[in-house]
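Engineer:
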Amino acid sequence: MQVTGKVVVVTGGANGIGKAMCEAFHKAGAAKVVVADMDADNARAVAAMVDGAAFKCDVAQEKDIAHVIEETERQFGPIDLFCSNAGIGGGFDPMSVNAGGASDEPWQRSWAIHVMAHVYAARHLIPRMKARGGGYFLNTISAAGLLSQVGSPAYSTTKHAAVGFAENLAISHKADNIKVSILCPQGVDTNMLRSIPKGPQSGDGDLTPEQVAKDVLAGLEQETFLILPHPQVLGYMRKKTENYDRWLGGMAKIQARMREEFGK
Numbered sequence: 003m004q005v006t007g008k009v010v011v012v013t014g015g016a017n018g019i020g021k022a023m024c025e026a027f028h029k030a031g032a033a034k035v036v037v038a039d040m041d042a043d044n045a046r047a048v049a050a051m052v053d054g055a056a057f058k059c060d061v062a063q064e065k066d067i068a069h070v071i072e073e074t075e076r077q078f079g080p081i082d083l084f085c086s087n088a089g090i091g092g093g094f095d096p097m098s099v100n101a102g103g104a105s106d107e108p109w110q111r112s113w114a115i116h117v118m119a120h121v122y123a124a125r126h127l128i129p130r131m132k133a134r135g136g137g138y139f140l141n142t143i144s145a146a147g148l149l150s151q152v153g154s155p156a157y158s159t160t161k162h163a164a165v166g167f168a169e170n171l172a173i174s175h176k177a178d179n180i181k182v183s184i185l186c187p188q189g190v191d192t193n194m195l196r197s198i199p200k201g202p203q204s205g206d207g208d209l210t211p212e213q214v215a216k217d218v219l220a221g222l223e224q225e226t227f228l229i230l231p232h233p234q235v236l237g238y239m240r241k242k243t244e245n246y247d248r249w250l251g252g253m254a255k256i257q258a259r260m261r262e263e264f265g266k
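Residue numbers (the numbering used here): 3 to 266.
In structure tokens form, the structure reads like this:
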């Protein structure tokens with residue numbers, strides 16, 4: 003897919019990876035870039051930079067996503083590419099003595115933003131895309147959805163679920179000419195990453211949002227399902243599936259080291 007001349011929506015577009023994607027899509031010649039974010043002021047600022055439009059949107063609310071889709075198509079025409087990019091960190095605690103010990107609230111919030119937001123976008127766009135012969139979804143997930151995130155059960159679990167939904171979306175609608183890509187980076191220099199301690203993945207290098215956005219454009223052009231800004235992740239995935247028990251043992255050792263470091 004070439005984004006030139008396309009109408010693109012980016013949720014979580016006011017900051018970080020989302021902002022960088024908005025800028026990259028604009029430079030690549032998108033007809034209109036729509037910035038959807040809870041941070042309405044920054045969304046408007048990004049939209050002004052890319053000659054786009056901004057909507058305040060809480061992706062955990064189906065009505066907000068439906069509104070963004072309805073208004074975008076009413077004002078600017080059919081959405082060619084919907085980037086479901088918004089995400090949250092939170093819940094990072096390598097010292098936790100119970101992986102299921104957190105209250106329901108962080109689990110429910112993470113589920114709503116990391117999984118149901120993708121579902122809501124598909125729920126409201128699939129019928130429109132099918133009627134006009136196709137479309138494209140780009141879902142920002144994380145390498146944590148392919149591997150895991152030590153110290154953050156809610157984040158890791160919901161990111162895994164997001165991968166599962168994206169796979170089903172791609173399988174179910176390939177015949178409808180609806181394409182799907184998932185973006186799964188490791189460390190990216192954003193506010194979210196800065197809010198948590200460095201993990202073992204930091205050895206692979208923290209990328210800039212701008213570099214990730216370049217990788218997104220390349221992945222979309224190739225129409226590849228899995229976009230990996232950190233190519234090392236593919237090797238980690240292979241090691242995981244080759245010997246799951248060994249991989250779990252290695253991750254448990256990382257957990258133990260992190261507990262030791264945080265307990266000092």
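Think of the CB as a built atom: it goes at the ideal place given N, C-alpha and C, for glycine as much as any other residue. All of these numbers come straight from a predicted model, not from anything done at the bench.
I'd like to check one pair, residue 71 with residue 5: are the Cβ atoms closer than 9 angstroms?
Structural biologist: Result no, Cβ atoms of residue 5 and residue 71 do not sit closer than 9 angstroms.
Engineer: Quick check on the DSSP output: the alpha helix (DSSP H) that includes residue 171 runs from which residue to which?
Structural biologist: 155-175
Engineer: Whose C-beta lies closer than 7 angstroms to the C-beta of residue 113 among residues of the same chain, with five residues either side of it excluded?
Structural biologist: Same-chain partners within the cutoff: 160.
Engineer: Sort 38, 25, 34 and 129 by Cα distance to residue 79 and report the nearest one.
Structural biologist: 34
Engineer: How about residue 210 and residue 22: are their beta carbons less than 9 angstroms apart?
Structural biologist: yes
Engineer: With which residues is residue 183 paired in a DSSP beta bridge?
Structural biologist: 140
Engineer: What is the DSSP secondary structure of residue 84, counted as helix, strand or coil?
Structural biologist: Here residue 84 sits in strand by DSSP.
Engineer: How is residue 101 classed by DSSP in three states: helix, strand or coil?
Structural biologist: coil
Engineer: In whole angstroms, what is the alpha-carbon distance linking residue 197 and residue 139?
Structural biologist: Its pLDDT being 49, under 50, residue 197 is placed unreliably by the model, and nothing is read from it.
Engineer: Is the Cβ-Cβ distance between residue 121 and residue 186 less than 9 angstroms?
Structural biologist: no
Engineer: Note down the Cα distance separating residue 218 from residue 263, rounded to an integer number of angstroms.
Structural biologist: 35 angstroms
Engineer: What are the residues that DSSP puts in a beta bridge with residue 190?
Structural biologist: 209
Engineer: Tell me whether residue 251 is buried or exposed, calling it buried when 16 or more other Cβ atoms sit within 10 Å of its Cβ.
Structural biologist: Residue 251 comes out exposed.
Engineer: Determine the burial state of residue 231: buried for a count of at least 16 other Cβ atoms within 10 Å of its Cβ, exposed for fewer.
Structural biologist: buried
Engineer: Can you check whether the CB of residue 45 is closer than 9 angstroms to the CB of residue 16?
Structural biologist: yes
Engineer: Excluding sequence positions up to five away, which residues of its chain have a Cβ less than 8 angstroms from the Cβ of residue 149?
Structural biologist: 235, 238, 239 and 242
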